[in-house]
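J.:
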Amino acid sequence: SNNFNYGAYHSLEAIYQEMDSIAGDFPDLASRVKIGHSFENRPMYVLKFSTGKGSQRPAIWLNAGIHSREWISQATAMWTARKIVSDYGKDPAITSILEKMDIFLLPVANPDGYVHTHTENRLWRKTRSLHPGSPCIGVDPNRNWNASFAGKGASGNPCSEVYHGPHANSEVEVKSVVDFIQQHGDFKCFIDLHSYSQLLMYPYAYTAKEAPDADELDEVARRAAEALASLSGTQYRVGSSATTVYQASGSSVDWAYDNGIKYAFTFELRDTGHYGFLLPADQIIPTAEETWLGLKTIMEHVRDHLY
Amino acid sequence: RGKFFGDQVFRINVRNGDEISKLNELMKSDNLKLNFWKSPCSLGHPVDVLVPAVSLQPVEFFLKSQGLDYSVTIEDLQALLDKEDEEMQYNKEQERS
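Just so you know, the protein sequences line up as chains A and B, in that order.
Counting from 68, one number per residue, gives the positions in the first sequence under this note's numbering.
Counting from 596, one number per residue, gives the positions in the second sequence under this note's numbering.
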């Protein structure tokens, strides 16, 4: 309905405008909700997709862009937002999911970092918070959650790329999401989108110990990876985060799982290394299209296994 | 804006625990200003590291002297960034028109 190009990378401002456009184009289905603000006082917006007309329903949280340089993550989230509103009423799967549940999509979980990648340093990963006594800036927002905080796989050095921050939820961006999810109280699924490695993982990241629901999560993740591969053959590896990549404490998905959100997954989108964080824009739509198949498989499972 | 002229990304294939330890040593050397895109963690997982132009020689020397297997996955990081920037500018102009 407008000239937003989903096959291109965009500034934060353009993304926020497009979120507003989606909400304006589909007022009965989508709304843009401010859930907080960043360290540098930029708003944090989610798109809420709901057919519940104000009633509280169980919900799914889709989180993207927590590491700012992983641009395919934010771009995939925006394509996904448009896909949800376009397919509602046409695709029986997404229609039935939204008849039962709400979906909340956060395309830019780290707005300051994202702006920094556009204006100063394309390869910035962390937030932009300041630390008294250190010349180094930012916290890794995926080490800042209250899940074995400051344990293995995170650093106490503010200059590290995996600095966990002074305390859990010290980053206002993380706290905004935590507060929103806790106030809502009925999230059943939390999915974090990252890049790059082509992995689909589930808790735990902070320990190699098996999660109580590991068998079910593994089965769902394998089906999701198969669905994803069915489009163009992109191969994903599946497993718990700690056993598939490395041990990392304070991650979003571990926090979600430990706080009762059983269906907690992390995607690492394309590619396998030739471009790293600089995935060319012509791969945005193919990546988003295949990811959608994986996301839909997970969301359908959640719909059919509400607890 | 940060520039990355002459910077390269290396992929290092880790074959055993000893090689992981060697790479952890490399990670600790602050003066090389390395940016590990994928850290040394476990076997079967390649390590990707952004090496600034000024550190290319010492890093290559280190990898070769330690017998570590590596390849260059991004030859010219700035060229890739310039291309990305051009595409974004082009896209903005298209939207305006």
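Backbone N, C-alpha and C define an ideal beta-carbon position, used for all residues, glycine too.
Less than 8 Å between the beta carbons of tyrosine 263 of chain A and glycine 180 of chain A, yes or no?
T.: Taking 8 Å as the Cβ cut-off, tyrosine 263 of chain A and glycine 180 of chain A do not qualify as a contacting pair.
J.: Closer than 7 Å by beta-carbon distance: list the chain A residues that pair up with valine 604 of chain B, in chain order.
T.: By Cβ distance, chain A contributes Gly343.
J.: Which residue or residues does DSSP assign as beta-bridge partners of alanine 160 of chain A?
T.: Per DSSP, none; premise fails for alanine 160 of chain A.
J.: Go ahead and pull the three-state DSSP assignment for alanine 235 of chain A.
T.: Correct three-state label for alanine 235 of chain A: coil.
J.: Leaving out the 5 sequence neighbours to the left and right, which residues in its chain are closer than 7 Å to arginine 195 of chain A when beta-carbon positions are compared?
T.: Correct list, in chain order: Phe106, Glu107, Asp179, Gly180, His183, Ile204 and Gly205.
J.: Using a cut-off of 9 Å between C-beta atoms, extract the partners of valine 152 of chain A located in chain B.
T.: Per Cβ cutoff of 9 Å: no residues; valine 152 of chain A is ~20 Å from chain B at best.
J.: Please confirm whether serine 624 of chain B has its beta-carbon closer than 8 Å to some beta-carbon of chain A.
T.: No, serine 624 of chain B lies away from the interface with chain A (no Cβ there is under 8 Å from its Cβ).
J.: Any contact of the segment 269-279 of chain A with the segment 211-221 of chain A, i.e. 3+ C-beta pairs under 8 Å?
T.: Output reads yes: the segment 211-221 of chain A touches the segment 269-279 of chain A.
J.: Leaving out five residues on either side along the sequence, give the residues of the same chain with a beta carbon under 7 Å from the beta carbon of alanine 331 of chain A.
T.: Answer for alanine 331 of chain A: Phe257, Tyr269, Pro270, Val320, Ala323 and Tyr324, listed in chain order.
J.: Assuming histidine 368 of chain A is part of the alpha helix (DSSP H), what are its boundary residues?
T.: Per DSSP, histidine 368 of chain A belongs to the alpha helix (DSSP H) from 351-371.
J.: Taking its Cβ as the centre, do 16 or more other Cβ atoms sit within 10 Å of glycine 375 of chain A, making it buried, or is it exposed?
T.: What the structure shows of chain A is the stretch from 68 to 374, and residue 375 of chain A is not part of that stretch, so it cannot be assessed.
J.: Spatial neighbours of tyrosine 73 of chain A within its chain, please: CB distance less than 8 Å, with the 5 preceding and 5 following residues excluded, ordered by chain position.
T.: Taken in chain order, the residues that qualify are Ala142, Met145, Trp146, Arg149, Ile351, Ile352 and Ala355.
J.: Any beta carbon of chain A sitting closer than 8 Å to that of aspartate 643 of chain B?
T.: Yes, its Cβ sits closer than 8 Å to a Cβ of chain A.
J.: So what does DSSP say about histidine 116 of chain A, is it helix, strand or coil?
T.: Per the sequence shown, the amino acid found at residue 116 of chain A is phenylalanine instead of histidine. Phenylalanine 116 of chain A: strand per DSSP, three-state reduction.
J.: If you draw a straight line from the alpha carbon of proline 110 of chain A to that of phenylalanine 656 of chain B, how long is it in whole angstroms?
T.: Between proline 110 of chain A and phenylalanine 656 of chain B, the C-alpha separation is close to 47 Å.
J.: Based on the DSSP output, what are the partners of serine 98 of chain A in its beta bridges?
T.: Paired residues: A/Lys115.
J.: Could you spell out the range, first to last residue, of the alpha helix (DSSP H) harbouring glycine 91 of chain A?
T.: Counting along the chain, the alpha helix (DSSP H) containing glycine 91 of chain A begins and ends at 79-92.
J.: Assuming contact is defined by CB atoms lying nearer than 8 Å, are valine 175 of chain A and isoleucine 89 of chain A in contact in what I supplied?
T.: Contact: no.
J.: Between the segment 659-670 of chain B and chain A, which residues of the former have CB atoms less than 9 Å from a CB of the latter, in chain order?
T.: Here the close residues are Thr668 and Ile669.
J.: Output the distance between the C-alpha atoms of isoleucine 365 of chain A and glutamate 283 of chain A, rounded to the nearest integer angstrom.
T.: Isoleucine 365 of chain A and glutamate 283 of chain A: Cα-Cα distance of roughly 11 Å.
J.: Quick one: grab the DSSP three-state call for glutamate 335 of chain A.
T.: Strand at glutamate 335 of chain A.
J.: Could you run through the segment 362-374 of chain A and flag, in chain order, every residue whose CB is less than 7 Å away from some CB of chain B?
T.: So the list is empty, because no residue satisfies the distance condition.
J.: Got a sec: which bits of the segment 310-330 of chain A sit with their beta carbon under 7 Å from any beta carbon on chain B, in order along the chain?
T.: Under the 7 Å Cβ criterion, the segment 310-330 of chain A contributes Val312 and Tyr313.
J.: Residues of chain A with CB closer than 8 Å to the CB of leucine 675 of chain B, please, in chain order.
T.: Chain A residues near leucine 675 of chain B: Tyr342 and Leu345.
J.: Leaving out the 5 sequence neighbours to the left and right, which residues in its chain are closer than 6 Å to alanine 294 of chain A when beta-carbon positions are compared?
T.: Within the same chain, alanine 294 of chain A has close Cβ partners Leu360, Gly361 and Thr364.
J.: From the DSSP secondary-structure annotation, give me the bridge partner or partners of tryptophan 128 of chain A.
T.: A/Phe171 and A/Phe257.
J.: Secondary structure at asparagine 626 of chain B, three-state DSSP: helix, strand or coil?
T.: Here asparagine 626 of chain B sits in helix by DSSP.
J.: Taking the Cβ atom as the reference point for each residue, do alanine 45 of chain A and valine 312 of chain A lie within a distance shorter than 8 Å?
T.: This structure cannot speak to residue 45 of chain A, because chain A is shown only from 68 to 374.
J.: For tryptophan 191 of chain A, which three-state DSSP category applies?
T.: Residue state, collapsed to three classes: coil.
J.: What does threonine 186 of chain A reach in chain B if we use C-beta pairs closer than 9 Å?
T.: Residues of chain B passing the Cβ test: Arg596.
J.: Report the rounded CA-to-CA distance for lysine 167 of chain A versus glutamate 614 of chain B, giving the unit in angstroms.
T.: Cα to Cα, lysine 167 of chain A sits roughly 51 Å from glutamate 614 of chain B.
J.: Which partner residues does glutamine 684 of chain B have in the DSSP bridge list?
T.: Partner(s): none; glutamine 684 of chain B has no beta bridge.
J.: Look at the alpha carbon of lysine 395 of chain A and the alpha carbon of aspartate 95 of chain A, and state the distance between them as a whole number of angstroms.
T.: Given a span of 68 to 374 for chain A in the structure shown, any question on residue 395 of chain A remains unanswerable.
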